[in-house]
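Protein chains in written order, with my numbering: chain A, 24 to 136; chain B, 44 to 160. All residues carry an ideal CB built from backbone N, CA and C; glycine is no exception. Notes to accompany the following structure.
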Amino acid sequence: AQSVTQLGSHVSVSEGALVLLRCNYSSSVPPYLFWYVQYPNQGLQLLLKYTSAATLVKGINGFEAEFKKSETSFHLTKPSAHMSDAAEYFCAASYNQGGKLIFGQGTELSVKP
Amino acid sequence: EPEVTQTPSHQVTQMGQEVILRCVPISNHLYFYWYRQILGQKVEFLVSFYNNEISEKSEIFDDQFSVERPDGSNFTLKIRSTKLEDSAMYFCASSDLGTGPMNTEAFFGQGTRLTVV
């Protein structure tokens with residue numbers, strides 16, 4: 024079955040430290056991949072997406088993600104965390120023409136001063 | 044900036060009652076979706092809607108659920124007889140055709156928190 028797995032339901036980093044949020048997908052056919060962010064009491068906002076044009080994808084707010092087919096991964100990184108990055112992050116995959124998204128469990132990012 | 048809007052933001056209903064969750068997708072979008080997130084669980088796909096008909100639905104989307112685009116701007120999710128386990132955050136989303144819905148960004152609303160008591 025197609026699935027998306029996010030390792031770590033809660034990640035805590037210090038302000039200025041590297042952010043690494045992990046995402047793996049399960050499929051022999053690489054899907055299209057997305058990272059969404061959800062701030063408290065808000066909807067899901069797209070951070071970035073992989074659509075096979077480039078394996079390193081840059082998104083908003085300084086985030087980027089690298090698609091690695093050999094590892095079936097699409098980890099999200101940011102070199103230096105800001106307090107404003109504290110939110111829930113969702114990795115999602117689209118496998119079919121209907122655009123249905125399959126979401127990972129979500130990772131809550133906390134940023135300590 | 045265009046956005047997806049959902050109303051109400053929070054609805055409390057008694058078990059067995061019918062509820063209608065409303066969404067106004069972005070105006071030039073063609074694909075519409077409903078997702079739900081039970082507290083502490085992952086976001087789950089419910090249904091997709093294109094060209095005035097359901098294009099795909101999940102196992103969750105049983106006969107108690109229905110969707111409608113009544114007037115060309117609203118997109119609604121109806122739950123006929125709510126159960127306690129229907130308590131969740133319900134998200135509406137829409138996307139345009141672009142180069143294909145698979146790789147086109149879905150824009151999400153802020154969600155409706157449904158509480159069934």
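Comparing C-alpha positions only, which one of the options sits nearest to residue i?
{"i": "A/E94", "options": "A/S35, A/M106, A/Y48", "result": "A/Y48"}
{"i": "B/R79", "options": "B/F104, B/Q153, B/L157, B/M132", "result": "B/M132"}
{"i": "B/F88", "options": "B/E99, B/L82, B/N95, B/N117", "result": "B/E99"}
{"i": "A/A76", "options": "A/G66, A/N119, A/G85, A/E89", "result": "A/E89"}
{"i": "B/K126", "options": "B/V62, B/P51, B/S52", "result": "B/V62"}
{"i": "A/C46", "options": "A/S133, A/I125, A/K135, A/V134", "result": "A/I125"}
{"i": "B/T155", "options": "B/S137, B/N95, B/Q54", "result": "B/Q54"}
{"i": "A/G129", "options": "A/V52, A/S32, A/H105", "result": "A/S32"}
Where does the unbroken beta strand (DSSP E) through residue i begin, and where does it stop?
{"i": "A/V134", "result": "130-135"}
{"i": "B/H53", "result": "53-56"}
{"i": "B/T158", "result": "155-159"}
{"i": "A/F57", "result": "55-61"}
{"i": "B/Y133", "result": "131-138"}
{"i": "B/L120", "result": "118-122"}
{"i": "A/H98", "result": "96-101"}
9 Å is my cut-off, CB to CB: does residue i come that close to chain B?
{"i": "A/Q68", "result": "yes"}
Say whether chain A places a C-beta atom closer than 9 Å to the C-beta of residue i.
{"i": "B/S179", "result": "Outside the modelled stretch of chain B, which goes from 44 to 160, sits residue 179 of chain B, for which no answer is possible."}
{"i": "B/E148", "result": "yes"}
{"i": "B/A131", "result": "no"}
{"i": "B/K85", "result": "yes"}
{"i": "B/V159", "result": "no"}
{"i": "B/Q54", "result": "no"}
{"i": "B/V67", "result": "no"}
{"i": "B/F104", "result": "no"}
{"i": "B/F118", "result": "no"}
{"i": "B/E99", "result": "yes"}
{"i": "B/G152", "result": "yes"}
Task: Residues of the stretch 99-131 of chain A whose Cβ lies closer than 9 Å to any Cβ of chain B, in chain order - done: F113, A115, S117, Y118, N119, Q120, G121, G122, K123, L124, I125, F126, G127, Q128, G129
Open item on the list: Any C-beta of chain B within less than 7 Å: which residues of the stretch 55-84 of chain A qualify?
Closed with: Y55, Q65, G66, L67, L69, K72, T74
TODO: Counting only runs of 3+ residues fully inside the stretch 59-117 of chain B, write out the beta strand (DSSP E) ranges in chain order.
DONE: 62-67, 74-80, 86-93, 96-100, 108-111
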